[in-house]
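Below is one structure, written out as structure tokens; the observations come after it.
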């Protein structure tokens, strides 16, 4: 009787002691997998793919570092759209100096 129950008890005990995979664990495993893939791609013929993958590894490493420091997963800080800012500056300058729109370079 005991030999028939023991495997079931051990299985339930091991399942209850293992914690579910967290976001942090998933990110660490993903980075390790990408690093192995990057080692394979580090050849002159596949350098572009290697560089793209290395950039993704760097971004994920930054997220892992910020997660370790206790921050939530850091969203990438995107630079402001230069076109929009430049357009607003030009509009403001045109209004202030009363420059007609025929001269967009000013």
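Residue numbers (the UniProt record's numbering): 1 to 106. Glycine included, C-beta positions come from ideal geometry on N, C-alpha and C.
DSSP, reduced to helix, strand and coil, places residue 69 outside both helices and strands of the structure shown, so it counts as coil. Under the three-state reduction of DSSP, residue 46 is assigned to helix. Around the beta carbon of residue 63, a 10 Å sphere encloses 16 or more other beta carbons of the protein chains shown; the residue is thus reported as buried. With respect to residue 35, residue 57 sits close: the two C-beta atoms are nearer than 8 Å. When only Cα atoms are considered, residue 25 and residue 40 end up about 23 Å apart. For the 8 Å CB-CB criterion, residue 38 and residue 50 form a contact. Rounded to whole angstroms, the separation of the alpha carbons of residue 55 and residue 47 is 12 Å. Judged by beta-carbon spacing, residue 53 lies beyond the 8 Å limit of residue 30, meaning their Cβ atoms are not closer than that value.
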